[in-house]
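A.B. asks: One structure follows; several queries about it will come next.
There are 2 protein chains.
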Amino acid sequence: MAARKLAGMTRINDMPGHLIRRFQQIAVALFHAEVEAAGFDLTPVQYAALERVARSPDIDQATLAGLIAYDRTTITGVIDRLVAKGLLTRKVSDRDRRARTLHVTDTGLETLHAATPAVEAAQDRMLQGLSAGERAEFLRLTKKALEAVNDLSRAPLKER
Amino acid sequence: MAARKLAGMTRINDMPGHLIRRFQQIAVALFHAEVEAAGFDLTPVQYAALERVARSPDIDQATLAGLIAYDRTTITGVIDRLVAKGLLTRKVSDRDRRARTLHVTDTGLETLHAATPAVEAAQDRMLQGLSAGERAEFLRLTKKALEAVNDLSRAPLKER
DNA sequence: CTTAATTACTCAGTATACTGATTATCAGTA
DNA sequence: TACTGATAATCAGTATACTGAGTAATTAAG
Numbered sequence: 061m062a063a064r065k066l067a068g069m070t071r072i073n074d075m076p077g078h079l080i081r082r083f084q085q086i087a088v089a090l091f092h093a094e095v096e097a098a099g100f101d102l103t104p105v106q107y108a109a110l111e112r113v114a115r116s117p118d119i120d121q122a123t124l125a126g127l128i129a130y131d132r133t134t135i136t137g138v139i140d141r142l143v144a145k146g147l148l149t150r151k152v153s154d155r156d157r158r159a160r161t162l163h164v165t166d167t168g169l170e171t172l173h174a175a176t177p178a179v180e181a182a183q184d185r186m187l188q189g190l191s192a193g194e195r196a197e198f199l200r201l202t203k204k205a206l207e208a209v210n211d212l213s214r215a216p217l218k219e220r
Numbered sequence: 061m062a063a064r065k066l067a068g069m070t071r072i073n074d075m076p077g078h079l080i081r082r083f084q085q086i087a088v089a090l091f092h093a094e095v096e097a098a099g100f101d102l103t104p105v106q107y108a109a110l111e112r113v114a115r116s117p118d119i120d121q122a123t124l125a126g127l128i129a130y131d132r133t134t135i136t137g138v139i140d141r142l143v144a145k146g147l148l149t150r151k152v153s154d155r156d157r158r159a160r161t162l163h164v165t166d167t168g169l170e171t172l173h174a175a176t177p178a179v180e181a182a183q184d185r186m187l188q189g190l191s192a193g194e195r196a197e198f199l200r201l202t203k204k205a206l207e208a209v210n211d212l213s214r215a216p217l218k219e220r
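Chain order of the listed sequences is B and Z.
Residue numbers for the first sequence, in this note's numbering: 61 to 220.
Residue numbers for the second sequence, in this note's numbering: 61 to 220.
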């Protein structure tokens, strides 16, 4: 009876949430492998923040968080570490003294450009099991699925 | 020049790793929303461990970790919390005194069965943007991609 | 049978993510 | 202008994940 109940239950390893969790863990591991091999000490989250600030100098933390879908409390620590590494600077905004505006340092820009090939290599490796057509379809489906649920997280993507 | 460099760079929000990270965050948020609404205090990771132990009583932590692709150091804390909640018991194995064998309590089994509909509802919601055919294709591609990179993480899935 | 290698678990330390609270500041309104 | 509400950042606390190290116990090798 109990055996039948259990046998009939949804198996964890086939659940979408579990598959996504595993993929995320492997993606992070691949990122670290490639980026460390290239001689850099950057996490995926740190790279994303650095890259986004480089494209929008003088951005404040809340806006940055929205553009890369990070939680507002998470970004504080991420920026702390990027500032500690000398890749970003943080200062009180002129227009709004509540806000902190961010700028990439020269070292930060060099690091960003130099680390990018390794980051892109990691992106390729995580999809190595799929053909070119399958990769495109995977990305299309993932983006489509994300659009429908974007607002259900505390850290939705806010393009604009 | 610098502008051209930046404009030509890979955009974070289109990178597979970033899409996967966002999806995982939303999947966790949906899991919590559904499971809390149903009156349970369980994380995705705790649910997976509980479900797997229920199907393999007397399993040890290392084997469990392999079956659900968790890191061996992560599982210690997860089990700690499940034991603290009275859902699992942990005892030294008879056959190998290094190992700790796990069992679901009566409360644990009740919780597992009662929470499962909410967990499944969360799985549906995270793919709500996709048609039935697209969902199947998304899962097929995700599993295929995962198979090719499974061993690149410190916590690979070890079926069997 | 004793040593070497391996394995199971745990711990310390770091880095996301989140909940919920607090402080400082800004914006709109009576 | 005083008040109200909203916003930006931070902090405390909890829960994954991982690196690397350490302990205890088992297995394999010589």
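Virtual Cβ for every residue (Gly too), placed ideally from N, Cα, C.
Given a cut-off of 9 Å on the beta-carbon distance, is the pair residue 105 (chain Z) and residue 179 (chain Z) in contact?
C.D. replies: No, these two residues do not count as a Cβ contact at 9 Å.
A.B. asks: Name the chain Z residues that come within less than 7 Å of residue 163 (chain B), Cβ to Cβ?
C.D. replies: The premise fails here: residue 163 (chain B) is roughly 13 Å from chain Z at the closest Cβ pair, so nothing lies under 7 Å.
A.B. asks: In chain order, what residues of the same chain lie with their CB nearer than 6 Å to the CB of residue 65 (chain B), ignoring the 5 residues before and after it?
C.D. replies: No answer about residue 65 (chain B) holds up, because its pLDDT of 46 lies below 50 and its placement is not dependable.
A.B. asks: Roughly how far, in whole angstroms, is the beta-carbon of residue 199 (chain Z) from the beta-carbon of residue 79 (chain B), given that I think they are within contact range, below 8 Å?
C.D. replies: Correct: roughly 7 Å between the Cβ atoms.
A.B. asks: Select from B:71, B:215 and B:189 the residue whose C-alpha is nearest the C-alpha of residue 209 (chain Z).
C.D. replies: The option with the nearest alpha carbon to residue 209 (chain Z) is B:189.
A.B. asks: Residue 118 (chain B) and residue 163 (chain B): beta carbons closer than 9 Å?
C.D. replies: Cβ distance < 9 Å, so residue 118 (chain B) and residue 163 (chain B) count as in contact.
A.B. asks: If I measure Cβ to Cβ from residue 153 (chain Z) and keep anything under 7 Å in the same chain, skipping five residues before and after, which residues do I get?
C.D. replies: Within the same chain, residue 153 (chain Z) has close Cβ partners 120, 159, 160 and 161.
A.B. asks: Along the chain, where does the beta strand (DSSP E) containing residue 204 (chain B) start, and where does it finish?
C.D. replies: Not the beta strand (DSSP E): residue 204 (chain B) falls in the alpha helix (DSSP H), residues 192–209.
A.B. asks: Can you give me the start and stop residues for the beta strand (DSSP E) that residue 150 (chain Z) sits inside?
C.D. replies: It spans 148–152 - the beta strand (DSSP E) in which residue 150 (chain Z) sits, taken as one unbroken run.
A.B. asks: Could you work out which residues of chain B lie near residue 89 (chain Z), taking near to mean beta carbons separated by less than 8 Å?
C.D. replies: Under the 8 Å cutoff, chain B gives 212, 213 and 214.
A.B. asks: Can you tell me the Cα-Cα spacing of residue 181 (chain Z) and residue 123 (chain Z), whole angstroms?
C.D. replies: Their Cα atoms are separated by approximately 28 Å.
A.B. asks: Give me the residue from B:77, B:72, B:83 and B:73 with the minimum Cα distance to residue 212 (chain Z).
C.D. replies: Among B:77, B:72, B:83 and B:73, the Cα nearest to that of residue 212 (chain Z) is on B:83.
A.B. asks: Hey, residue 77 (chain B) and residue 88 (chain Z): beta-carbon distance below 9 Å or not?
C.D. replies: Closer than 9 Å, so yes.
A.B. asks: Quick check on the DSSP output: what are the complete alpha helix (DSSP H) runs of length 4 or more inside the stretch 92–119 of chain Z, in order along the chain?
C.D. replies: Within the stretch 92–119 of chain Z, the complete alpha helix (DSSP H) runs of at least 4 residues are 104–115.
A.B. asks: Give me the Cβ distance between residue 107 (chain B) and residue 205 (chain B), rounded to the nearest whole Å; I'm assuming they're in contact under 8 Å.
C.D. replies: About 24 Å; that fails the 8 Å criterion.
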